[in-house]
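Quick notes on the structure that follows.
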Amino acid sequence: MKRHTYTFVYTTLLITSLFTQPVQAVSVNAVEVDIYRGINVSFELLLPTGAVETLNLSGSAQMNVFFEGTAEGNAFDNNGNGLDEVSTEMVDLNLTGTSSFGSITIGLNPSLGSTGLIEELINTTPGTLDVPPFTTGTADSFFDVFFTLDIGGNVMLNVDPMRIAGIISTKPASPGEFENMFLRLPSVALYDETGNLTGYGLAGVPPVPEPATYGLMALGLAMLGFIRRRRK
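Just so you know, we're using my numbering here: the sequence shown kicks off at 4 and counts up by one.
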């Protein structure tokens, strides 16, 4: 296992996939294991009353990246859109924090796989995922995640997956890029363990505009005011 200089750990394993036909050869593909520690993400807990509570959580996550060959970076265009991609799966998530209802822990539902995909944005090197450190470029990355939420001892689940997604400029994604994947998440309804709707929901927190964005907004409002005065 290699230890990266900042906040995650990754390693490459070799796993053996046996074909169903005994006459075929054994395929050995590279699997990269990315472990993020010390991440900070926020969610919005949608209450039955219509109110919203922000949950600020921290913890760790782990995902597997399934390359399509014996070397890291091997990827192919399996969906025929001209871009190479690799399958991924989030296999561990442990986020903790506090809420008005007590302590909260968000993990993965062990009964449902939280799978995803990394797909390059431009295919400059067929057969290789075009993102550093393999080549240059950027890629789309997403996971369809099934959570378990333990809030003050009450466990809730999402039946419909919540898609976390973003653009990554390196593989593994930097901690900041990974945390940004949790922004702007669409809301999902939460159910209890017996499959009944609870009235609660979970959503991502909208990103905070950069200071430059506020400056542009102020400039735009000032220009609108000037134009209106000129027309009068």
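The beta carbon of each residue, even a glycine, is placed where N, CA and C say it ideally should be.
Model, not experiment: these values are computed from the prediction.
For residue i, the nearest candidate out of the options (CA to CA)
i: Leu124; options: Val89, Ser106, Val208; result: Val89
i: Phe79; options: Thr91, Ile107, Glu122, Gly155; result: Glu122
i: Leu120; options: Asn97, Asn157, Phe145, Thr108; result: Phe145
i: Gly156; options: Phe181, Asp37, Gly105; result: Gly105
i: Asp163; options: Glu75, Asn112, Tyr39, Ala176; result: Asn112
i: Gly169; options: Val191, Phe185, Ala192; result: Phe185
i: Phe46; options: Gly100, Met93, Asn84, Thr91; result: Gly100
i: Leu50; options: Leu193, Gly198, Pro136, Pro209; result: Leu193
i: Thr91; options: Val68, Gly72, Phe181; result: Val68
i: Glu75; options: Asn161, Pro136, Ser190, Arg40; result: Pro136
7 Å CB neighbourhood of residue i in its chain, flanking five on each side removed
i: Ser103; result: Glu56
i: Leu188; result: Met165, Ile167, Ala206, Gly207
i: Asn81; result: Glu88
i: Thr138; result: Thr127, Thr128, Thr131
i: Val191; result: Asn161, Asp163, Met165, Gly204, Leu205
i: Gly85; result: Asn126
i: Gly83; result: none
Supposed close pair residue i, residue j - CB separation, criterion 8 Å
i: Ser63; j: Asn43; result: With a Cβ gap of about 11 Å, Ser63 and Asn43 do not count as contacting.
i: Tyr203; j: Leu48; result: 7 Å
i: Thr141; j: Val134; result: 6 Å
i: Gly110; j: Thr52; result: Incorrect: roughly 26 Å between the Cβ atoms, too far for contact.
i: Phe70; j: Asn77; result: 5 Å
i: Ile107; j: Ile154; result: 5 Å
Outcome for residue i when other beta-carbon atoms lying within 10 angstroms are tallied against a minimum of 16
i: Glu35; result: buried
i: Leu200; result: exposed
i: Ser30; result: Low local confidence applies: a pLDDT of 44 at Ser30 is under 50, so the model's placement there is unreliable, and no value is given.
i: Ala54; result: exposed
i: Ser117; result: buried
i: Ala33; result: buried
i: Pro175; result: buried
i: Asp195; result: exposed
i: Val158; result: exposed
i: Thr197; result: exposed
i: Gln27; result: Confidence in Gln27 is poor, its pLDDT being 37 and thus under 50, which makes the residue's placement unreliable; the coordinate value appears in the next sentence. It is exposed - the Cβ of Gln27 has fewer than 16 other Cβ atoms within 10 Å.
Host beta strand (DSSP E) of residue i (start-end)
i: Glu56; result: 55-69
i: Asn183; result: Note, Asn183: premise wrong, no beta strand (DSSP E); alpha helix (DSSP H) at 178-183.
i: Asp87; result: Element bounds for Asp87: n/a, residue is neither H nor E.
i: Thr201; result: 200-207
i: Ile236; result: Nothing in the structure corresponds to residue 236, since the chain is present only between 4 and 235.
i: Ala78; result: Per DSSP, Ala78 belongs to no beta strand (DSSP E) and is neither H nor E.
i: Val158; result: 157-161
i: Thr151; result: 150-154
i: Thr173; result: It is not in any beta strand (DSSP E) - Thr173 carries neither H nor E in the DSSP assignment.
i: Ser114; result: Premise fails: Ser114 is in no beta strand (DSSP E) and is neither H nor E.
Same chain only: Cβ atoms within 6 Å of residue i, ignoring 5 sequence neighbours per side
i: Asp95; result: Gln65
i: Ser172; result: Thr141
i: Leu115; result: Phe149
i: Asn183; result: Gly169
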